[in-house]
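Below is one structure, written out as structure tokens; comments come after it.
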Amino acid sequence: MINSLMQSIGFAPLLPLWVLALLGIAGVFLCAWNLYNGARGALFRLAAIASLLFWLAGPQHLRESWHNLPQTALMLVDQSPSMAIGQRAAIARQAADALAHMQIDGLNVRTVTVRQNGHDGTRLFEALDQAAADIPPDQLAGAMMITDGQVADVPPTLPERLRPRTATGAQTTLPLHVLLSAKGEETDRKLQILEAPPYAIAGQPAHLRVLAEDSGPGTHTGTPAELTLRVNGEEPVAIPVTTGTPQDISIPVARPGQMLISLSISPLAGEVSQLNNQSITHIMGIRDRLRVLLISGTPNQGERIWRRLLKADPAVDLIHFTILRPPEKDDGTPLSDLALIAFPVKELFQDKINQFDLIILDGFENRSILPHTYLENIANFVRRGGGLLLTAGPEFVGPGSLQETPVGDVLPAHVPPETGMVERQFRPRLTAQGRQHPVTAALSGAPDANVPDNITTVTGAWGPWYRALKPDSTHGEVLMNGPDAAPLLVLDRVDQGRVALLLSDQIWLWSRGEGGGGPQAELLRRISHWLMKEPELEEEQLTASITDNVLTITRHSISPEATPPSVTVTAPSGTQTTVHLHAAPQDGTQTATLPANESGIWQVSDGIHAAYAAPVQSDLREMTDLRATASKLATVAQQSGGGVFWLGAPGKLSIPTVRMAESGTLHGTDWLAFPQRGAHIVTGKSAEPLLPTWSMMLLSLAFLFAGWWREGRN
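According to the UniProt record's numbering, the sequence shown is numbered sequentially starting from 1.
Here it is in structure tokens:
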């Protein structure tokens, strides 16, 4: 504290103010009367009266003793992610420690460390506003910022905290000094993805727009560079580009599913870091509108279910035909009364069959409706990659059964005609394989093994059916059982295509709520999407994801394995690691975790399947520009009267000294200053007469004598 004394003049009247006022008026009136009558000493008498009144007013010396209050300077130390580049963080810590230990009389330095703030970049001015909130305005001396200059919340004008008002209401300006943790302005090359679609149609190219930019001293646009593109784990592709010019890139989308696209730009000589020379984006490949052909046999209860399910999906183009009667049945009804159009057999099953993604045969009985050649086309459609779903009822064991045609060669089950039909109440149940398969796993209300079939309604369990087929042979994956634990739902792969066979035509009972109903719509949706090879319904899956620099590997399989498998993890640098998975037999999954500190695409492989993952940049704004630069803060520092200093390198730091200044410039080459604000508290007051009484009496008598002398002269 500094003891100070402040002097001023005050008055302690010996008479009431109204008495002094009357005496003053009387004196003025008397002087005016004397002047009017020609009295020569009137002015001296007025001076005598004035001196007497001044003495009666009680003039005093007023003295105050007070203590100077210390001022506070804020020191904001940037420790955001961009400060991790090079030696910036170490430079900032050394400079902050040195400045905090400087002894400046009347100045306290308060240190505020600013770390990452979500996804909004470094926000030093927000931290300045919060830290200054509890400092009295007249005690705030200013601020220092130790940073790399990459600040996201730089205001267009000096913030209010650095423009406080004094006790008299006048506005003052406090300095903001910027100390940059580098030797000077740096250069950097960055890669930005300007446009990237979140989704793309499988079989069509996806279009990206990217931009490479150089910034810093000596850089300019139009510099040739090389862009490297890698999709998932495929071989990289080099594309020539020029900096400062947006580049359009076309990427083929071969199949549905997630695509990880890695882009990197060749480095700039002398640039500060290559962290922002690369970027990763995700594109989800999706199917275009799915074309589904639904052929129903004779009109049945399940027909409406199929139409409602498929029509409700906006991504499905449905073509539906119902066989009203077989060709051999002729009752004389005109053809115009039987159908609006003739059944386009040749167009559907020969000319355009390969344009469909899925064919559904619902209770279809082939009684010379489709020639042998067209039935072979359906089988070949499956073998070439198409999907076939068949729901079977009594017609499947009749004379026109499809299992006795070329279509039967791709079906996963055979039902004997004589003993294949079972008509009694039963509840569909999941098999052990069905409880793990994505098509039927986690279907709500699946009945336990101890729920009897003859109970009409069981709360929360699937309702009963009353008719099913009992095959004598199956191949593929049996997901549901029917009466006597016979296969009810069978899935199979045939060459490049897939087939699903539901050995009952009574799934429509669930939609009517029979016995509590069941997940009819969800089950049919999952079967249809599995047939169309949706990735999330694959029974053998390998997935990978990265969160908080941890790689999580998940493998799902329905095949029994004696020991948990292992996978090979390839880091972006090419380093390979073998990781053993931990099994969870109840749901067919195996998992493992691994630290993932490298940026780029990580690849995981179990020898058959491959998965890819990439870390998500936690703060894209923070890592966009990696230069140490004064360009963002110099204007604000200049407006405040503060300076900009480059701290140099570790071991050779150029830390400016700190001082207090009464007025004038607040910074120099190697020093910075904060102004004396004069904040204080009064500790005492005293008063004493301004002039002795005798001196005032002599002065008044002198004026009276002068007036008498002047009047005595002729």
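Note that the Cβ used here is the ideal one computed from N, Cα and C, for glycine as well.
{"query": "At least three beta-carbon pairs within less than 8 angstroms, the segment 620–629 to the segment 141–149", "result": "yes"}
{"query": "F466 versus P399: straight-line alpha-carbon distance, rounded", "result": "Note that residue 466 is Tyr in the sequence shown, not Phe. About 23 angstroms."}
{"query": "Same chain only: Cβ atoms within 6 angstroms of L174, ignoring 5 sequence neighbours per side", "result": "G142, L162"}
{"query": "Proximity winner among L698, L523, R429, relative to P483 (alpha-carbon distances)", "result": "R429"}
{"query": "Alpha carbon of V154 to alpha carbon of Q71, nearest angstrom", "result": "25 angstroms"}
{"query": "8 angstroms Cβ cutoff met for L227 and P236", "result": "no"}
{"query": "Assumed close pair L179, L647 - CB separation to whole angstroms, cut-off 8 angstroms", "result": "6 angstroms"}
{"query": "G203, buried or exposed, once every other Cβ within 10 Å from all chains shown has been counted against 16", "result": "exposed"}
{"query": "Between the CA atoms of R435 and D78 - distance to the nearest angstrom", "result": "54 angstroms"}
{"query": "Whether L402 touches P519 by CB criterion (8 angstroms)", "result": "no"}
{"query": "Where N34 sits in the DSSP three-state scheme", "result": "helix"}
{"query": "Per DSSP, the bridge partner or partners of H475", "result": "In DSSP, H475 forms no bridge with anything."}
{"query": "Entirely enclosed alpha helix (DSSP H) segments - the segment 68–130, minimum 4 residues", "result": "88–100"}
{"query": "The segment 507–526 / the segment 570–583 touching (three or more Cβ pairs under 8 angstroms)", "result": "no"}
{"query": "Those residues which DSSP pairs with residue 724 across a bridge", "result": "There is no way to answer for residue 724, as the model of the chain reaches only from 1 to 714."}
{"query": "Terminal residues of the beta strand (DSSP E) in which T554 lies", "result": "550–556"}
{"query": "The beta strand (DSSP E) enclosing W671, as first and last residue numbers", "result": "671–675"}
{"query": "Where P197 falls, given that 16 or more other Cβ within 10 Å makes a residue buried", "result": "exposed"}
{"query": "Selected residue, minimal CA-CA separation from S264, among S473, V241, A441, A254", "result": "V241"}
{"query": "Residue of V19, L15, I49 minimising C-alpha distance to S700", "result": "I49"}
{"query": "Buried versus exposed, by CB contacts within 10 Å (16 or more), D505", "result": "buried"}
{"query": "Segments of 3+ residues assigned as beta strand (DSSP E) that fall wholly inside the segment 199–237", "result": "199–201, 205–215, 224–231"}
{"query": "Rounded separation between E539 and A212 - CA only", "result": "42 angstroms"}
{"query": "Selected residue, minimal CA-CA separation from V316, among L370, S599, L290, G297", "result": "L290"}
{"query": "Contact belief for Q603 with G244 at Cβ below 8 angstroms, rounded distance in angstroms", "result": "Going by Cβ atoms, the distance from Q603 to G244 rounds to 33 angstroms, so no, they are not a contact pair."}
{"query": "Host alpha helix (DSSP H) of A521 (start-end)", "result": "520–531"}
{"query": "8 angstroms Cβ cutoff met for L310 and V292", "result": "yes"}
{"query": "Enclosing alpha helix (DSSP H) for Q638 [first to last residue]", "result": "634–640"}
{"query": "DSSP-derived helix/strand/coil call for T624", "result": "coil"}
{"query": "Exposure label - N437; buried when at least 16 CB within 10 Å", "result": "The question names Asn, yet the displayed sequence has His at residue 437. H437 is buried by the Cβ-count criterion."}
{"query": "Residue(s) in a DSSP beta bridge with D484", "result": "According to DSSP, which records beta bridges pairwise, D484 is partnered with nothing at all."}
{"query": "Assumed close pair G387, L488 - CB separation to whole angstroms, cut-off 8 angstroms", "result": "Their Cβ separation, rounded to whole angstroms, is 19 angstroms, which puts G387 and L488 out of contact at 8 angstroms."}
{"query": "Cβ neighbour criterion (16 or more within 10 Å) applied to Q576", "result": "exposed"}
{"query": "Q350, buried or exposed, once every other Cβ within 10 Å from all chains shown has been counted against 16", "result": "exposed"}
{"query": "Contacts around Q639, its chain only, beta-carbon distance under 6 angstroms, and the 5 residues preceding and following it disregarded", "result": "L158"}
{"query": "Nearest residue (CA-CA) to L469, options G270, T669, L501", "result": "L501"}
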